[in-house]
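A.B. asks: Note that our numbering gives residue 615 to position 127 of the sequence shown, counting from 1, and the numbers run on in steps of one.
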Amino acid sequence: MKIARFSTDGSPRYGIVDDDELVVLTGDPMYHGYDTSGERVPLSDARILAPVIPRSKVVCVGMNYAAHRREMGHEGPETPLIFLKPNTAVVGPGDPIVIPPVEGRIVHEGELALVIGSVAKRVKAENWRDVVFGVTIANDVSARDVMFADGQWARAKGYDTFCPLGPFIDTELDPTNLEIETFVDGELRRKGNTGDLLHTIPQLIEFISDVWTLLPGDLILTGTPDGLGGFVDGQTIDITIEGLGTLSNPAKNRDDRDY
């Protein structure tokens, strides 16, 4: 089942994707279940929003593909390398990635994202499905040279708009063997498969929930495959994951008059 968060009049609503229509739900299905209102909305009439805005946190996993580790010239720890993005970094499909006025490369990192559906603390790996509401697509945008200049990743990963998300949450898709491709203006830049994760999804759930209590709506971004990652103003980044569709976002330089 694919769940959309959308608007037609500026107010967020939720719906089940049914071909080219949305079956409107009475509330957020993560908290209120799947009761329907009886209304249907054509997808063409809806603005698709980020499928979830985390109330708590976005947890990211660095260098979780072997080829990406080699690309970064970093062996990484034996345990998952985890860090946080603020929820203010989240934007939806079609929203611009706003490039801040910093030196160096801004890069895309197309990733499978897990959406947490219940309070999760010290979850055993074999029970990971009990706490995952569904999966979606994320772009862990990074100011790559800022990462190296700062010596840590909070600023480089945390700018507003640096976590595009969507288009939908799939509540039934098996996330353990999915092709991931990232394109810039139609050119293939990254390609991988979630079956190649160094730390698997069950392992990530167990490890991360031991460090932080995960709350409903929290996200876990599972890592990006290797590939050429830079993009600039005016380009469009498309991330496609098998079974989940495509997350597409244009890039634009920041105009301080917008703030």
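We put the beta carbon where it would ideally sit given N, CA and C, even for glycine.
Give me the Cα-Cα distance between P704 and V546, rounded to the nearest whole angstrom.
C.D. replies: Stepping through the sequence shown from its first residue, residue 704 is reached at position 216. Stepping through the sequence shown from its first residue, residue 546 is reached at position 58. So the two alpha carbons sit approximately 11 Å from each other.
A.B. asks: Per the DSSP calculation, D714 is bridged to which residue(s)?
C.D. replies: For the purposes of this step, residue 714 is taken as residue 226 along the sequence shown, with counting starting at 1. Note: D714 sits in no beta bridge, so no partner.
A.B. asks: Beta-carbon separation of A601 and I708 under 8 Å?
C.D. replies: Your numbering for residue 601 matches position 113 in the sequence shown. Your numbering for residue 708 matches position 220 in the sequence shown. Yes, these two residues count as a Cβ contact at 8 Å.
A.B. asks: CA-CA distance, G479 and C651?
C.D. replies: A query on residue 479 cannot be resolved here, the shown segment of the chain reaching from 489 to 747 and no further.
A.B. asks: Am I right that I657 and I491 are in contact with their C-beta atoms under 8 Å? What's the rounded C-beta distance?
C.D. replies: Taking the sequence shown and counting its residues from 1, the one referred to as residue 657 is at position 169. Taking the sequence shown and counting its residues from 1, the one referred to as residue 491 is at position 3. 5 Å between Cβ atoms; contact.
A.B. asks: From the DSSP output, read off the bridge partner residues of P530.
C.D. replies: By one-based count along the sequence shown, residue 530 stands at place 42. Paired residues: E509.
A.B. asks: Leaving aside the five residues before and after L531 along the sequence, list all residues of the same chain whose C-beta is less than 7 Å from its C-beta, in chain order.
C.D. replies: To locate residue 531, count along the sequence shown from 1; it is residue 43. The residues are D508, E509 and L510.
A.B. asks: Taking the CB atoms as reference points, tell me whether I727 and T734 lie closer together than 8 Å.
C.D. replies: As a first step, residue 727 must be located in the sequence shown, where it is residue number 239. As a first step, residue 734 must be located in the sequence shown, where it is residue number 246. Yes; because the gap between Cβ atoms is below 8 Å, this pair is in contact.
A.B. asks: Locate the beta strand (DSSP E) running through F650, then write down its first and last residues.
C.D. replies: Looking up residue 650 in the sequence shown gives position 162. From DSSP, F650 is part of no beta strand (DSSP E); its letter is neither H nor E.
A.B. asks: Return the chain-ordered list of same chain residues with a C-beta closer than 8 Å to the C-beta of V699, the five sequence neighbours on each side being excluded.
C.D. replies: Here the question's residue 699 lines up with position 211 in the sequence shown. Only I570 meet the Cβ criterion.
A.B. asks: Would you say A739 and P581 are within 8 Å of each other, going by their C-beta atoms?
C.D. replies: In the sequence shown, residue 739 corresponds to position 251, counting from 1. In the sequence shown, residue 581 corresponds to position 93, counting from 1. No, they are not a contact pair.
A.B. asks: For T701, I'd like the list of residues in its chain whose CB is within less than 6 Å of its CB, leaving aside the five on either flank, ordered along the chain.
C.D. replies: As a working note, residue 701 is residue 213 in the sequence shown. Answer for T701: K609, listed in chain order.
A.B. asks: What does the alpha-carbon distance come out to for the pair T712 and L685?
C.D. replies: Within the sequence shown, residue 712 is the residue found at index 224, counting from 1. Within the sequence shown, residue 685 is the residue found at index 197, counting from 1. Looking at the two C-alpha atoms, the distance is approximately 9 Å.
A.B. asks: Closest by CA to G598, which one among V549, A637, D618 and G622?
C.D. replies: Start at 1 with the first residue of the sequence shown, and residue 598 comes out as number 110. The residue with the shortest Cα to Cα distance from G598 is V549.
A.B. asks: Let me know if N627 comes out buried or exposed under the rule of 16 or more other beta-carbons within 10 Å of its beta-carbon.
C.D. replies: Locating residue 627 in the sequence shown gives position 139, counting from the first residue. Per the 10 Å Cβ criterion, buried.
A.B. asks: Confirm, please, whether the CB-CB distance from G646 to F621 is below 8 Å.
C.D. replies: Within the sequence shown, residue 621 is the residue found at index 133, counting from 1. Within the sequence shown, residue 646 is the residue found at index 158, counting from 1. Not closer than 8 Å, so no.
A.B. asks: Within this structure, are the beta carbons of T664 and G683 separated by less than 8 Å?
C.D. replies: As a first step, residue 664 must be located in the sequence shown, where it is residue number 176. As a first step, residue 683 must be located in the sequence shown, where it is residue number 195. It is a contact, given that the beta carbons lie within the stated cut-off.
A.B. asks: Once DSSP output is grouped into helix, strand and coil, what is the label at K740?
C.D. replies: Residue mapping note: residue 740 aligns to position 252 of the sequence shown, counting from 1. Reduced to three states, the DSSP call for K740 is strand.
A.B. asks: DSSP state of P568, grouped into three classes?
C.D. replies: Residue mapping note: residue 568 aligns to position 80 of the sequence shown, counting from 1. Looking at P568 - three-state DSSP - the assignment turns out to be coil, as it is neither helix nor strand.
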